[in-house]
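Chemist: There's a structure below that I have some questions on.
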Amino acid sequence: MRTHIAFLLLLAAQFALAQPYFARLYQFSDGLTNQIECIQLSGDSLLFRMNSNDADPATIETRMATMPLNSSQFNGDVYLPGVQAGNSMFKDGSFYLLPSEDRNSGKHITLNRLDENFSFVDSVHLNLAAGPYYYYVSKAFLYNDKYIVTGTAQNTTGYAFGRTVIFIVNKDFTLHDTIIIEPVRQSIIPRDFAVNPVDGRLYLSLLYDNFHPQDSTFIPAPKYQRVVSIDSTFQVSDFWDSEAYPDAHSNAAPIAFSQTGTLYSFYSQAGGFDKVVAVGPSGQEIWDTPLDSFMVVGPTILWLTSRYFVISDLAVASNGDILAAGYTEDTQYNIGRSSFLARLQPNGAIKWNRVYRSNNLFSVQNYGYASDFNQVLEIQGGNIVAGGGALVFDEFLSPNTAPGTEAWLLRADSNGCISPACGYIQDAVQKLNYLPIVHPANEWTVAHSELLLNSRRKYRFSPDSVSIGGKYYHELTYDDSFLGFKTTGRYYREEDGIVYTSAGAVVYDLNIGATDTLPSNQGANQGTRMAMSAGTAIYGDGIPRKTLMVQCANDSLDTITVVEGIGDLEDFFHSEVLCINPLDGPSDLILCYSVGGEIVYKKPDESCELSSTTHPGEQNLIRVFPNPATGRMYIDMPVDGYWQSYQAQIFNTLGELVIINPNLSTVDGLLSVDISGLYPGSYWGLIRDEEGNTFPFAFIRANN
């Protein structure tokens, strides 16, 4: 069977592809920290508001971004240095409304109006005539044809009493009315809102504590949750109080309504043991469900498991189920602090809960996991979107250096799964499945130096596999004339993150860590390289990749950066040669790297034009049919006695692993792979046998 790469990539561009489920980190070009605070569905796109800042927490400002529903890439983003911190947004006609606070002075809350291109239109400052107060913004929304802006006004002197302020703003940005909810004891803070579809009233959740400065002792007091309702004339009534909130572990108080008017909220029996609670129309509690197990014996709370859950947001799915999102910490499993999703039935029974590790890094003693979801919502097809922030560690930083927080986004199916291997813990990066270096979808643009004559070359692997010594290798081809890819006579294979030459030399080994050596079978000193440190890098596709800072064992050269899926940035596939003869110096600097035509890595100030030429190759080893396919695809492997079991890996055109099937089923002697869960488009696949041999193939998932 002949495969034409350009034809496949052209099809990928022509299809309106929906990207597979994913969990990803996003870093932006200006390098500022970004965290998703609010997600909204807007037509056929998702709209994001992020808090974005540099090292100064007083300068937290706003970034807006959009993402088509059929994509995992942001369609565009705008940094708004004039719109400071906030955690909500809404759209009214052709305008976006964003509340914000002035963290430098704290003198007011601001409601900002942007046009559909996120350009600033106007704003209004909101504060009380009495004062002075420090103002902290909460959420804003459209209700009864008015803009409702909530926040806290806190005393500037003496005890820090805080009262909830609700500014009711007309659409011409004039003030219609102001509501003040005084503190029960010390402070009361607005957190979330929801409209009851049955009575049409607006419900607002608030947190308050029970501490009073006139108490004889200053014992930390518990926090409580209070829910009030606001009618169409903006009259406030008490609805429900949660008395079991004894720990100030969370600043969230999410609420959501079912279509029948049941309020879903939460309270905590102990810090981190959050319960989802259902409240009836009269404020009576119907049921409560803990997301993990504990019991109370007298005043003591006994942990029955080693993990706990902190709920940040609740949403109601189209079938009436409740979605919960937040973070969990677990000492039983190696998850550190990771984000979670849970799904409950309307009667409170848990369907599932899942944990998502944002950066399954490689040196647990130096780098932990830390992520959180701030919001969850259901989109078309029952899929689930959740967003928040995750810590990002730089491989060049010391373990004690504070990491940055980057935008952390997940899209899962209705069962919370981002991959077919869907368990309790799901990793954004599964280190049992390394991003492949030896793969026909990868292409490198290299500043090639040969006999002191500099030139640019593009390298890619032939899709054909060649049997050498009973193992299968891909030939590295190059194109320096844009007339077609030529043979180099260099063959490589990859197995579990280790790249070998046809002579058996180890070119790269992504399994090693700091102080481990990376040997080669060339030269008198074996071309030995030593890993000085291990860490993570994130490039254009948002996928964390393991990185090694490597130095020749004789310390004769500067460090070399080896990146998972890309290789040696300083000397493409040649770093072991440098350690044999350091006088040669670097010769093949990687300028650009792409996967399936999608640019992933680009050296600064370099262009990344991609070659349009192709190298058609024959898939001599395996036959895939039907192709295109819709549901189940069959693979005809060569008949060889020692092959006993197979594993399939399928990648989309971004190089993202979308299917891993550890045990392929056999039908009439043919391997069978279920691709019904893939979106229409073109894909690359690898079959791996138990000997580590890999067999590439390409196919098209057609429309049903």
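Residues 423 to 1126 in our numbering are what the sequence shown lists, from first letter to last.
Backbone N, C-alpha and C define an ideal beta-carbon position, used for all residues, glycine too.
(1) Determine the direct distance from the alpha carbon of G758 to that of S651, and round the result to whole angstroms.
(2) Which residues in the same chain as L491 place their Cβ atom closer than 7 Å to its Cβ, once the five residues preceding and following it in sequence are excluded?
(3) Going by the beta-carbon positions, is the gap between L932 and E1020 smaller than 8 Å?
(4) Indicate the three-state DSSP secondary structure (helix, strand or coil) for T1052 in the structure shown.
(5) Rank I859, S877, D901 and K773 by C-alpha distance to the C-alpha of Y895 and give the top, closest one.
(6) Determine the DSSP secondary structure at G809, reduced to helix, strand or coil.
(7) So if DSSP puts P712 in a beta bridge, which residue, or which two residues, is it bridged to?
(8) So which of F563, S761 and N769 has the shortest CA-CA distance to Y846?
(9) Once the 5 residues before and after V620 are set aside, which same chain residues still bring their CB inside 6 Å of it?
(10) Assign P503 to buried or exposed, taking buried as 16 or more other Cβ atoms, counted over all protein chains shown, within 10 Å of its Cβ.
(11) Note down the Cα distance separating Y1105 from F1121, rounded to an integer number of angstroms.
(12) Would you call the CB atoms of R1110 and Y1056 closer than 8 Å?
(13) Put Q802 into one of helix, strand or coil per three-state DSSP.
(14) In chain order, what residues of the same chain have a beta carbon less than 6 Å from the beta carbon of S687, not counting five sequence neighbours either side?
(15) Apart from the five residues on each side of it in sequence, which residues of its chain come closer than 8 Å, Cβ to Cβ, to G962?
(16) What number of angstroms, rounded off, separates the C-alpha of A487 from the C-alpha of E897?
(17) In its own chain, which residues sit with a C-beta less than 8 Å from the C-beta of F883, not counting the 5 before and 5 after it?
(18) Exposed or buried, which one is P768 when buried takes at least 16 other CB atoms within 10 Å?
(19) For S664 versus Q681, is the C-beta distance shorter than 8 Å?
(20) Where do the N-terminal and C-terminal ends of the beta strand (DSSP E) with S704 fall, by residue?
(21) What is the DSSP secondary structure of T481, counted as helix, strand or coil?
(22) Would you give the residue range spanned by the beta strand (DSSP E) that I920 belongs to?
(23) Just to confirm, is the Cβ distance from P605 to V559 under 8 Å?
(24) How far does the beta strand (DSSP E) with R535 in it reach, from first residue to last?
(25) What's the C-alpha gap between G553 and Y565?
(26) Please work out which residues of its chain come closer than 8 Å, Cβ to Cβ, to W709, disregarding the five sequence neighbours upstream and downstream, and give them in chain order.
(27) According to DSSP, E523 sits in a beta bridge with which residue or residues?
(28) Give every residue of the same chain whose Cβ lies closer than 8 Å to the Cβ of W774, excluding the five residues on either side of it in the sequence, and list them in chain order.
Modeler: According to the data block:
(1) For the purposes of this step, residue 651 is taken as the residue at position 229 of the sequence shown. For the purposes of this step, residue 758 is taken as the residue at position 336 of the sequence shown. Computed Cα separation, rounded: 38 Å.
(2) The residue you call residue 491 lines up with position 69 of the sequence shown. Taking C-beta separations shorter than 7 Å and ignoring five residues to either side along the sequence, the partners of L491 in its chain run D466, S467, L468, I801 and Q802, following chain order.
(3) As a position in the sequence shown, residue 932 is number 510, starting the count at 1. As a position in the sequence shown, residue 1020 is number 598, starting the count at 1. No, the pair does not count as a contact, with Cβ atoms beyond the cut-off.
(4) Mapped onto the sequence shown, residue 1052 falls at position 630. If DSSP states are grouped into helix, strand and coil, T1052 belongs with coil.
(5) Working through the sequence shown from its first residue, we reach residue 895 at position 473. Of the candidates I859, S877, D901 and K773, the one whose C-alpha sits nearest the C-alpha of Y895 is I859.
(6) Within the sequence shown, residue 809 is the residue found at index 387, counting from 1. Note: G809 maps to strand in three-state DSSP.
(7) As a position in the sequence shown, residue 712 is number 290, starting the count at 1. P712 pairs with K697.
(8) Mapped onto the sequence shown, residue 846 falls at position 424. Ranking the options by Cα distance to Y846, first place goes to S761.
(9) Counted from its first residue, the sequence shown places residue 620 at position 198. If we look at V620 and ignore the five residues flanking it on each side, its Cβ neighbours are G683.
(10) Stepping through the sequence shown from its first residue, residue 503 is reached at position 81. Exposed: under 16 other Cβ atoms inside 10 Å.
(11) In the sequence shown, counting from the first residue as 1, residue 1105 sits at position 683. In the sequence shown, counting from the first residue as 1, residue 1121 sits at position 699. Those two C-alpha atoms are separated by around 6 Å.
(12) Indexing the sequence shown from 1 puts residue 1110 at position 688. Indexing the sequence shown from 1 puts residue 1056 at position 634. In this structure, Y1056 does not lie closer than 8 Å to R1110 by Cβ.
(13) Here residue 802 refers to the residue found at position 380 of the sequence shown. In this structure, Q802 counts as helix in the three-state DSSP scheme.
(14) Reading the sequence shown from its first residue, position 265 is the one you call residue 687. These residues qualify, in order along the chain: I677 and V699.
(15) As a first step, residue 962 must be located in the sequence shown, where it is residue number 540. Around G962: E1020, I1021, V1022, Y1023 and K1024.
(16) Your numbering for residue 487 matches position 65 in the sequence shown. Your numbering for residue 897 matches position 475 in the sequence shown. So the two alpha carbons sit approximately 41 Å from each other.
(17) Walking along the sequence shown from the start, residue 883 turns up at place 461. Excluding sequence neighbours, F883 sits near V860, H861, P862, N864, H896, E897, L898, T899 and Y914.
(18) Within the sequence shown, numbered from 1, the residue matching residue 768 stands at position 346. It counts as buried.
(19) As a position in the sequence shown, residue 664 is number 242, starting the count at 1. As a position in the sequence shown, residue 681 is number 259, starting the count at 1. No.
(20) Mapped onto the sequence shown, residue 704 falls at position 282. Per DSSP, S704 belongs to no beta strand (DSSP E) and is neither H nor E.
(21) The count along the sequence shown starts at 1 and reaches residue 481 at position 59. Helix at T481.
(22) Stepping through the sequence shown from its first residue, residue 920 is reached at position 498. From DSSP, the beta strand (DSSP E) with I920 extends over I920 to T923.
(23) Within the sequence shown, residue 605 is the residue found at index 183, counting from 1. Within the sequence shown, residue 559 is the residue found at index 137, counting from 1. Against a cut-off of 8 Å, the Cβ pair of V559 and P605 comes out as no contact.
(24) On the sequence shown, position 113 is the one that residue 535 refers to. Where R535 is concerned, the enclosing beta strand (DSSP E) stretches over I531 to L536.
(25) Sequence index remark: in the sequence shown, residue 553 carries index 131 (1-based). Sequence index remark: in the sequence shown, residue 565 carries index 143 (1-based). Near 27 Å, if we compare the C-alpha coordinates of Y565 and G553.
(26) By 1-based counting over the sequence shown, the position of residue 709 is 287. Taken in chain order, the residues that qualify are V699, A700, N769 and G770.
(27) Within the sequence shown, residue 523 is the residue found at index 101, counting from 1. Answer is I531.
(28) Stepping through the sequence shown from its first residue, residue 774 is reached at position 352. Once the five neighbours on either side are set aside, the close Cβ partners of W774 are A764, R765, N837 and G838.
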